[in-house]
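Novice:
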Amino acid sequence: MDKKPCNSSQDPEVRKGPWTMEEDLILINYIANHGEGVWNSLAKASGLKRTGKSCRLRWLNYLRPDVRRGNITPEEQLLIIELHAKWGNRWSKIAKHLPGRTDNEIKNFWRTRIQKHIKQTENQQQQRGNISEINNHHQGSTSTSKVSTMAHPIVTYSSPSYQGSLEPFPTQFPIITDQSSCCTNDDNNNNYWSMEDIWSMNLLNGD
DNA sequence: AAGCCGCCCAACCGCACAGGG
DNA sequence: ACCCTGTGCGGTTGGGCGGCT
Numbered sequence: 025m026d027k028k029p030c031n032s033s034q035d036p037e038v039r040k041g042p043w044t045m046e047e048d049l050i051l052i053n054y055i056a057n058h059g060e061g062v063w064n065s066l067a068k069a070s071g072l073k074r075t076g077k078s079c080r081l082r083w084l085n086y087l088r089p090d091v092r093r094g095n096i097t098p099e100e101q102l103l104i105i106e107l108h109a110k111w112g113n114r115w116s117k118i119a120k121h122l123p124g125r126t127d128n129e130i131k132n133f134w135r136t137r138i139q140k141h142i143k144q145t146e147n148q149q150q151q152r153g154n155i156s157e158i159n160n161h162h163q164g165s166t167s168t169s170k171v172s173t174m175a176h177p178i179v180t181y182s183s184p185s186y187q188g189s190l191e192p193f194p195t196q197f198p199i200i201t202d203q204s205s206c207c208t209n210d211d212n213n214n215n216y217w218s219m220e221d222i223w224s225m226n227l228l229n230g231d
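FYI, the numbering for the first sequence is 25 to 231, going by our numbering.
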């Protein structure tokens, strides 16, 4: 790439990549004692070899005690769809209406699940369109794809097929019936410590 | 059993904006 | 009025993991 590795050469102290448990604890402890904000000086004062940006992101997206982790509930799915139809990719704005959810999480959710679902829906609609066109015209010629494209103009993400159908993903996603179960994360976080662990360790360490 | 492929998510990057000096 | 620094936001990437062939 054409990017200069100036940071790594001039400032080898700056760490990148996944956060370690130790770093998380340092950040949590520091914020518990001094509060959040002024991230650049926080990064320096805490002794973390991270940028302020990185500290902020880690805190907001993962370490904050009020961050809700686990599957997006059907209600949240609907809300995301509605708000996205209204505001587009204003993830932080959407996140403000979903307590405990981060813009990053919503963004990822949208990209991985909903966009995929929309594509599938569009494909299905196109295929149905093809079939109906074929049935309507009894032509069976090679021009069906063109016809179907005209019959189903490409819709944007605010696909009207979602709005009003209060059942966006009836079978595709596991539905959480018990909110308390979302905090166990047995399978999801095998390689990670849960936030409860971290916070209890934080308390054990003393602040 | 091994390799491949696709999905998911944490983290990084670049840009824009706001506030202070 | 201008510049600098910090912060916030949206887009993108890379690695881990599970399912499939």
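Idealized CB from N, CA, C, for every residue including glycine.
Whole angstroms is fine: what's the gap from valine 91's alpha carbon to glutamine 144's?
Specialist: Rounded to the nearest angstrom, the two C-alpha atoms are 31 Å apart.
Novice: Is the beta carbon of alanine 69 sitting closer than 8 Å to the one on cysteine 79?
Specialist: Contact: no.
Novice: Could you please give the first and the last residue of the uninterrupted alpha helix (DSSP H) stretch that includes tyrosine 54?
Specialist: 45-58 is the span of the alpha helix (DSSP H), which, as asked, contains tyrosine 54.
Novice: Within a Cβ cutoff of 7 Å, which residues of the same chain sit near glycine 124, ignoring the five residues on either side of it in sequence?
Specialist: Answer for glycine 124: Asp90, Val91 and Arg92, listed in chain order.
Novice: Distance, Cα to Cα, serine 65 vs lysine 120?
Specialist: One C-alpha to the other measures close to 26 Å.
Novice: Where valine 38 and threonine 75 are concerned, what is the direct C-alpha to C-alpha distance, given to the nearest angstrom?
Specialist: Cα to Cα, valine 38 sits roughly 7 Å from threonine 75.
Novice: Assuming isoleucine 104 contacts isoleucine 130 under a Cβ cut-off of 8 Å, what Cβ separation, rounded to an integer in Å, is found between them?
Specialist: Yes, they are in contact, since the Cβ atoms of isoleucine 104 and isoleucine 130 sit about 6 Å apart, within 8 Å.
Novice: Going by alpha carbons, who is nearest to glycine 59 out of Met45, Leu84 and Ile118?
Specialist: For glycine 59, the nearest C-alpha among the options comes from Leu84.
Novice: Quick check on this structure: which residue in Asn128, Glu99 and Leu102 has the alpha carbon closest to the alpha carbon of asparagine 113?
Specialist: Among Asn128, Glu99 and Leu102, the Cα nearest to that of asparagine 113 is on Asn128.
Novice: Cα separation between leucine 107 and isoleucine 118?
Specialist: So the alpha carbons of these two residues sit roughly 6 Å apart.
Novice: Less than 7 Å between C-beta atoms, sequence neighbours within five positions excluded: which residues of the same chain meet that for glycine 71?
Specialist: Closer than 7 Å at the Cβ level, and outside the excluded window around glycine 71, lie Ile50.
Novice: Give, in chain order, every unbroken run of the alpha helix (DSSP H) that is at least 4 residues long and sits entirely within the region 65-150.
Specialist: Counting whole runs of 4 or more residues, the region 65-150 contains the alpha helix (DSSP H) stretches 76-82, 98-111, 115-120 and 127-133.
Novice: Is it buried or exposed for tryptophan 43, if we count other Cβ within 10 angstroms and need 16 for buried?
Specialist: By the neighbour-count rule (16 or more Cβ atoms within 10 Å), tryptophan 43 is buried.
Novice: Note down the Cα distance separating glutamate 99 from arginine 82, rounded to an integer number of angstroms.
Specialist: Each residue's alpha carbon lies about 26 Å from the other.
Novice: Can tryptophan 63 and lysine 73 be called in contact, C-beta distance under 8 Å?
Specialist: For tryptophan 63 and lysine 73, no; Cβs fall outside 8 Å.
Novice: Whose CA, out of Tyr54, Trp111, Asn132 and Ile55, lies closest to the CA of isoleucine 96?
Specialist: For the residues Tyr54, Trp111, Asn132 and Ile55, the minimum Cα distance to isoleucine 96 belongs to Asn132.
Novice: What does the alpha-carbon distance come out to for the pair isoleucine 55 and glycine 61?
Specialist: So the two alpha carbons sit approximately 9 Å from each other.
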